[in-house]
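Asker:
Residue numbers (the numbering used here): 1 to 127.
(1) Tell me, to the nearest whole angstrom, how far the beta carbon of residue 38 is from that of residue 81; I am working on the premise that it is less than 8 Å.
(2) Looking at the structure shown, is residue 117 part of a helix, part of a strand, or coil, going by DSSP?
(3) Roughly how many angstroms separate the alpha carbons of residue 107 and residue 73, rounded to a whole number?
(4) Who does residue 112 pair with in a DSSP beta bridge?
(5) Between which two residues does the beta strand (DSSP E) carrying residue 8 extend?
(6) If you count every other CB in all the chains shown that lies within 10 Å of the CB of residue 118, and 16 or more means buried, which is it?
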């Protein structure tokens, strides 16, 4: 927890500056083009600046997005991008956090800390 610096998009990746160091994340426009556009819009509008990682579950996920360390939650101001499922949910991958509905992404995202096939879209569940 704690306020993070900023997110900056640069070509095919973005960098999240935190008080523990930088995290560089590669965009996969070849697999999720609408999500890349969505994330770049949020980054360009500085929606992630001053936000924090607010959820950490050992051996599962580190989640951040549109929440401040004081707990204030912002909205993206954008329509949720459609579900673009083309990659399995493996350790080190980043995905948009969603509720049970496939169209519920709001700007939060997570880094998977281990392979998480239960999140894979394999039928009627998993996003």
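Note that the Cβ used here is the ideal one computed from N, Cα and C, for glycine as well.
Answerer: Concretely, from the data shown:
(1) About 4 Å separates the two Cβ atoms, so the contact holds.
(2) Here residue 117 sits in helix by DSSP.
(3) Computed Cα separation, rounded: 11 Å.
(4) Answer by DSSP bridge pairing, in chain order: 61.
(5) Element bounds for residue 8: 7–10.
(6) Per the 10 Å Cβ criterion, exposed.
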